[in-house]
Amino acid sequence: MEENYLKRILIKTTQKKEQRINAEKRKKYFQEIGRKGGLKTKSNSQLTKVVSFRLTDMEYKDSIRESQKYNLRLSTYARLRYLEKTFKIKEFENDEFLLTYGNSFIRINNLLRHREWNMFENKKRIMDEIEEVLRLIRKYLYSKIDRDE
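Using full-length UniProt numbering, you'd call the opening residue of the sequence shown number 1 and step up by one each time.
This is the structure in structure tokens:
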């Protein structure tokens with residue numbers, strides 16, 4: 001009985017140790033890739049020079065508001081504005097309704113694929129038309145991105 005107890009303790013401790021190691025590996029992995037979906041992180045060796053400039057109170061407040069809108073730090077936002085780079089963080093913000101419609105069409109198409117909806121005689125034609133609309137929405141959005149670049 002004492003031998004079983006020792007085996008269980010040994011197994012339990014090894015499992016805890018493996019879980020801790022896996023958690024550390026996962027944490028390090030996400031530290032390496034940076035923020036998901038955000039701007040690529042820059043190493044300190046790349047950002048070696050400091051540029052400072054003065055702003056009025058109104059300009060400062062506007063800059064803070066804009067940086068919060070894009071979910072950026074003020075320094076990152078100011079750097080992008082100073083270098084006149086385009087903000088590709090919210091590429092599709094202007095076409096939000098179009099994206100919403102596209103998502104709705106995808107859901108309708110998925111619903112039609114289920115067997116409960118076999119009562120429609122023209123189900124295949126409806127699905128083809130939905131896929132055509134989705135293709136046109138994607139084509140419009142990605143052509144807009146290419147045009148902006």
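Yeah, the Cβ is synthetic: ideal placement off N, Cα and C, and Gly gets one too.
Quick check on residue 68: does DSSP put it in helix, strand or coil?
Counting from one through the sequence shown, the residue named residue 68 turns up at place 68. Residue 68: helix per DSSP, three-state reduction.
Specify whether the segment 92 to 108 and the segment 136 to 145 touch according to this definition: at least 3 beta carbon pairs, one from each stretch, less than 8 Å apart.
yes
Closest to residue 109 by C-alpha separation, out of 100, 123 and 64, would be which residue?
Here residue 109 is taken as the residue at index 109 of the sequence shown, counted from 1. Cα-wise, what sits closest to residue 109 is 123.
Within this structure, are the beta carbons of residue 141 and residue 126 separated by less than 9 Å?
Taking the first residue of the sequence shown as 1, we reach residue 141 at position 141. Taking the first residue of the sequence shown as 1, we reach residue 126 at position 126. Their beta carbons are not under 9 Å apart, which means residue 141 does not touch residue 126 by this criterion.
With a threshold of 16 other CB atoms inside 10 Å of the CB of residue 5, please say whether the residue is buried or exposed.
Position 5 of the sequence shown, counting from 1, holds the residue named residue 5. Counting Cβ neighbours within 10 Å, residue 5 comes out exposed, since fewer than 16 surround it.
Which residues mark the beginning and the end of the alpha helix (DSSP H) in which residue 104 is found?
Position 104 of the sequence shown, counted from the first residue, corresponds to residue 104. Counting along the chain, the alpha helix (DSSP H) containing residue 104 begins and ends at 96 to 113.
Rounding to the nearest angstrom, what Cα-Cα distance links residue 104 and residue 68 in this structure?
By one-based count along the sequence shown, residue 104 stands at place 104. By one-based count along the sequence shown, residue 68 stands at place 68. In a straight line, the C-alpha of residue 104 is about 29 Å away from that of residue 68.
Taking only three categories from DSSP, how would you classify residue 75?
On the sequence shown, residue 75 is found 75 positions in, with the first residue counted as 1. Residue state, collapsed to three classes: helix.
Does DSSP put residue 158 in a helix, a strand or coil?
Nothing about residue 158 can be read from this structure; the chain reaches only from 1 to 149.
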